[in-house]
Structures are given as C-alpha cells and as structure tokens.
Amino acid sequence: MYGTIDGLDPLTVTNAQGDFEISYTGTSPAMLVEVEGRGYAPKFAKLATGSTRTKLVVSDGATIRGILTANGKPVGNAEVGLIAKDRGGYQDKLTIVGFPYEEQRVGTGPDGSFLITNVPEPVTWLLYGKMTSMPKGEGTQPVEVRTNQEKQFLDKVQLVADPAHTITGKLTLSDGHPIPEGMRLTLGSDRVWDTQTVTLNREGSFEIKNIPNGDFCISPSVKGYEAKSVSNSNCDVPIKIVGEDKGMSK
Amino acid sequence: MPLVFEGAITDFAEAVEKHRSCQRVPGFALVEAGSCAPPQCGIFEPRQHEEGPFNSSDLAQRERKTVPKLSEKLDPDKTSAFKIVLAPSRSTSETSSIARGRITDPAGNPVHDAIVQPIGLILGNPACTEPSMAWIH
Numbered sequence: 187m188y189g190t191i192d193g194l195d196p197l198t199v200t201n202a203q204g205d206f207e208i209s210y211t212g213t214s215p216a217m218l219v220e221v222e223g224r225g226y227a228p229k230f231a232k233l234a235t236g237s238t239r240t241k242l243v244v245s246d247g248a249t250i251r252g253i254l255t256a257n258g259k260p261v262g263n264a265e266v267g268l269i270a271k272d273r274g275g276y277q278d279k280l281t282i283v284g285f286p287y288e289e290q291r292v293g294t295g296p297d298g299s300f301l302i303t304n305v306p307e308p309v310t311w312l313l314y315g316k317m318t319s320m321p322k323g324e325g326t327q328p329v330e331v332r333t334n335q336e337k338q339f340l341d342k343v344q345l346v347a348d349p350a351h352t353i354t355g356k357l358t359l360s361d362g363h364p365i366p367e368g369m370r371l372t373l374g375s376d377r378v379w380d381t382q383t384v385t386l387n388r389e390g391s392f393e394i395k396n397i398p399n400g401d402f403c404i405s406p407s408v409k410g411y412e413a414k415s416v417s418n419s420n421c422d423v424p425i426k427i428v429g430e431d432k433g434m435s436k
Numbered sequence: 007m008p009l010v011f012e013g014a015i016t017d018f019a020e021a022v023e024k025h026r027s028c029q030r031v032p033g034f035a036l037v038e039a040g041s042c043a044p045p046q047c048g049i050f051e052p053r054q055h056e057e058g059p060f061n062s063s064d065l066a067q068r069e070r071k072t073v074p075k076l077s078e079k080l081d082p083d084k085t086s087a088f089k090i091v092l093a094p095s096r097s098t099s100e101t102s103s104i105a106r107g108r109i110t111d112p113a114g115n116p117v118h119d120a121i122v123q124p125i126g127l128i129l130g131n132p133a134c135t136e137p138s139m140a141w142i143h
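These protein sequences, in sequence, are chains A and B.
Per my numbering, the very first residue in the first sequence carries number 187; after that it's consecutive.
Per my numbering, the very first residue in the second sequence carries number 7; after that it's consecutive.
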C-alpha cells in the first residue's frame, strides 16, 4: 500500500522541549519517520508506539561548497542537485537500505558557486547540474563526493559542464491515430535524480537537449495508451547515451 | 464470583470502549480469540494509574447484543471451555497508536520546530497476524 494512510498524522512539529507525537487511529507497533530540523541534517528513525518517548539526536551534518563551470567560465543561475549514490529504499519491518534521502537542490550564484549545508554523513553522494538549468548544449557528469563526519567542510568541489547530446525522435501510436494535444514524454537519468519533460506535437515529434553521457529512461505519457516495453526493466524505453560526438542523436 | 460466558462477542473493543468511554468503570476483556493469547490481539491491558471495582450489575444493564452476559447460575463443567480475563478498560483516546519522541542536538539541547514526517508504518499486531507495511512515499 502506498500513498496517504488514513488515520495517520501527515506530519508533526516539535514543541519547545523538542517533543513530538505522531498518532495513527489503528493498530501499529512501529513507525518510520524522517526528521528535518532547521539547521540540522535530516535523519531517519524507527519509533515504537507506546508510552515510551524515543530520544533522537540530530547533527549539523557536513557542508559542500563548489563551483559550476562550462568552457572554463562560471555558470550562474543554474541548479545543482545532490543525491546519495546508493539511494536504496525501505523494506519490510521498516528497514532502511542505503540512504534514501530526498534530493537536495541549490542554485548557483553569478560566480557559479554553490553551497549545500546540513548534508547527512557518512554518505557517498552524486553532485550534478540539473539538465534543464544548464546552458544550451551543456551537461555535467555526476561528481562523487563523500561526507565522512559532522561539521566536515568539503570545499572547492569542481562541477564541470561539457558539450552534451540532443535527442530527437518520434512517438507513434500503434493504431495510427495522431497524438492527442498536451501529451508528454519524460527522459530521466538512471544514475541521478534528474528528468526532463517535453510536450509532444500532433505528429509525436520531440527534441530533448542537454543530455550528458549515461543511462536514461524515456517514458511516454499518452492518455489511453501504454508503451510496449522493449526491456525487462521497469523502464518503457531505456537508452544509453555515449560518445564524444555530442551532436544530434536519434 | 465465577462467571459464565453466554453471549458471542463480535467486537471486543467495541463492547468495552463505546459503552465506557466516559465512565471510569472497569470493563471486561476478554476471552481467547483464535490462537492469540491475551494480552495481545486487541485484548486490553490495564489502564495505567487507574483502579476501580468490578461491578457485575453494571455490565448486566447493557443491552447491546455484542455485550456478553454474565450469570451467577454456574455450572463448573460448562465454564471449563472458556477462559475469561478481566481487565480495566481504557478511554477511546488510548485506542490509537502513538509514537513519541524527543529531538535534541548532540549537546542535549531540545530542537524545536523540527518537522517529523511519517514515511511508513507496520500495520496490525505482529503477535496475531503477519504484519503488513504501509508507505507514504
């Protein structure tokens, strides 16, 4: 079962003593929560229900500072993302596998600099420029950074944008009908938390820019139709972008 | 006073809670249900910091069909098949599951205005059934 849960508080906020309570109207022996305090790194915790109050300690986390450049020049007004290399997830009995923290996003200043604070540790992260925010024809390969300890300051991290690919293609419907107006197609990176969505025209033609080398998934979304999967994965259309020739790909 | 269990109980919790949510009179709970043993499986545990006398006449005045009737006409042979456990009732507010926590920084100072968001929970009572998970994300 996924989505909202009837009878479960959607969130709560700690009081002056740092205390909180989360209520569920049914029977539940334990809950998994994420804690986010202003100025502290996010934290996961498994809490047993009952009268006992579980003590949770949050920490400052680490800080990552760096600069985004393209062709040796700083890239301002771009967006930088940070996601755990091993995103993992949740399993039975509320077990956490990997580091399923949500993506952190920050903007770059005019000098291309960025600062990400309260980063959980110890975790290996992937840092990347968001595709849609990159200068035309540019894209970044994810940079691996590791936070090891609280209050660690990782400085001068270099994130470099290189010439990127453009994909053009055409989506057709098996019954030959034109594409309904407003339908979309999404390209998402397999490695990092980055997607681009484009609107399809009536002929189904599309163009997606700023794609770096890597593995991606194309997911068409046309009302009343579903893709004939070309692989055994969950991806409708997996593609691999490789090569030095960063021109047009089809 | 020995007790004879004469009526079927279809909803243990309802029998106690709905009739006694506003009165601090001990209810009763209850019998063996399936393979589960008290105090698990919806059978109430004693209310903390509360005590009170058991009043059989109070129970007999209930008219709900789901409420078991207690009789003083006893036949020890017939009672041997049932196991009856009496326990103080609890208020409706205690029927929900509540997780409680306190957030501090490494120095032990309380962290106020922190957002705590549930991600998932275990549903049901693991002592009775195979637990299932429910996830927000």
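Backbone N, C-alpha and C fix where the C-beta goes; we use that ideal spot for every residue, glycine too.
Asked: Strictly below 7 angstroms CB to CB, what residues from chain A border residue 110(B)?; Found: 204, 241 and 243
Asked: To the nearest angstrom, how far is it from the Cα of residue 110(B) to the Cα of residue 350(A)?; Found: 46 angstroms
Asked: DSSP three-state label for residue 75(B), please.; Found: No answer about residue 75(B) holds up, because its pLDDT of 48 lies below 50 and its placement is not dependable.
Asked: Counting only C-beta atoms, is residue 28(B) closer than 8 angstroms to chain A at any point?; Found: In this prediction, residue 28(B) has a pLDDT of 35, which is less than 50 and means its spatial position is unreliable; what the coordinates show is noted afterwards. Chain A, which has no Cβ nearer than 8 angstroms to the Cβ of residue 28(B), makes this no.
Asked: Considering only residues of the same chain and omitting the five flanking positions on each side of residue 138(B), which have a CB-CB separation below 7 angstroms?; Found: 129 and 130
Asked: Grab me the residues of residue 195(A)'s own chain with a C-beta within less than 6 angstroms of its C-beta, minus the 5 sequence neighbours each way, in chain order.; Found: 208 and 209
Asked: Using beta carbons (cut-off 8 angstroms, strictly below), is residue 212(A) in contact with chain B?; Found: yes
Asked: Shortest alpha-carbon distance to residue 232(A) belongs to which of 126(B), 103(B) and 114(B)?; Found: 126(B)
Asked: Residues in its own chain within less than 6 angstroms of residue 299(A) by CB, not counting five upstream and five downstream?; Found: 253
Asked: Along the chain, where does the beta strand (DSSP E) containing residue 217(A) start, and where does it finish?; Found: 216 to 222
Asked: With a threshold of 8 angstroms between beta carbons, is residue 55(B) in contact with chain A?; Found: With a pLDDT of 45 at residue 55(B), under the threshold of 50, the modelled position of that residue is not reliable, and the figure given next carries that caveat. No, its Cβ sits nowhere closer than 8 angstroms to a Cβ of chain A.
Asked: Just tell me which of 259(A), 322(A), 308(A) and 421(A) has its CA closest to the CA of residue 373(A).; Found: 421(A)
Asked: Return no unless some Cβ of chain E is closer than 8 angstroms to the Cβ of residue 272(A).; Found: Although the question refers to chain E, the structure presented lacks it and instead comprises the protein chains A and B.
Asked: Drop a sphere of 10 angstroms on the beta-carbon of residue 419(A), count the other beta-carbons inside from all chains shown, and report buried for 16 or more, exposed for fewer.; Found: exposed
Asked: Please report the distance separating the alpha-carbon of residue 333(A) from that of residue 343(A).; Found: 12 angstroms
Asked: Check residue 319(A) in the structure and name its three-state DSSP category.; Found: helix
Asked: Compare the C-beta of residue 221(A) against all C-beta atoms of chain B and say whether one is closer than 8 angstroms.; Found: yes
Asked: Tell me residue 311(A)'s beta-bridge partners as DSSP assigns them.; Found: 270(A) and 331(A)
Asked: Is there contact here, the region 354 to 369 of chain A with the region 312 to 324 of chain A, by at least three beta-carbon pairs under 8 angstroms?; Found: no
Asked: Counting along the chain, where does the beta strand (DSSP E) carrying residue 234(A) start and finish?; Found: 229 to 234
Asked: Is the separation between the beta-carbon of residue 263(A) and that of residue 293(A) shorter than 8 angstroms?; Found: yes
Asked: Any C-beta of chain B sitting closer than 8 angstroms to the C-beta of residue 303(A)?; Found: no
Asked: Roughly how many angstroms separate the alpha carbons of residue 52(B) and residue 132(B), rounded to a whole number?; Found: Residue placement at residue 52(B) is flagged as unreliable, the pLDDT there being 44, under the threshold of 50; the coordinate-derived value follows with that caveat. Spanning the two alpha carbons is a distance of roughly 20 angstroms.
Asked: Quick one, which of 229(A), 200(A) and 193(A) has its alpha-carbon nearest residue 157(A)'s?; Found: Within the shown structure, residues of chain A are numbered from 187 to 436, placing residue 157(A) beyond reach of any answer.
Asked: When you compare the CB of residue 319(A) with every CB in chain B, is at least one pair closer than 8 angstroms?; Found: no
Asked: Could you have a look at residue 119(B) and say whether DSSP puts it in helix, strand or coil?; Found: coil
Asked: Applying the criterion that 16 or more other CB atoms from any shown protein chain within 10 Å of the CB defines a buried residue, is residue 257(A) buried or exposed?; Found: exposed
Asked: State the Cα-Cα distance for the pair residue 190(A) and residue 107(B), rounded to the nearest angstrom.; Found: 22 angstroms
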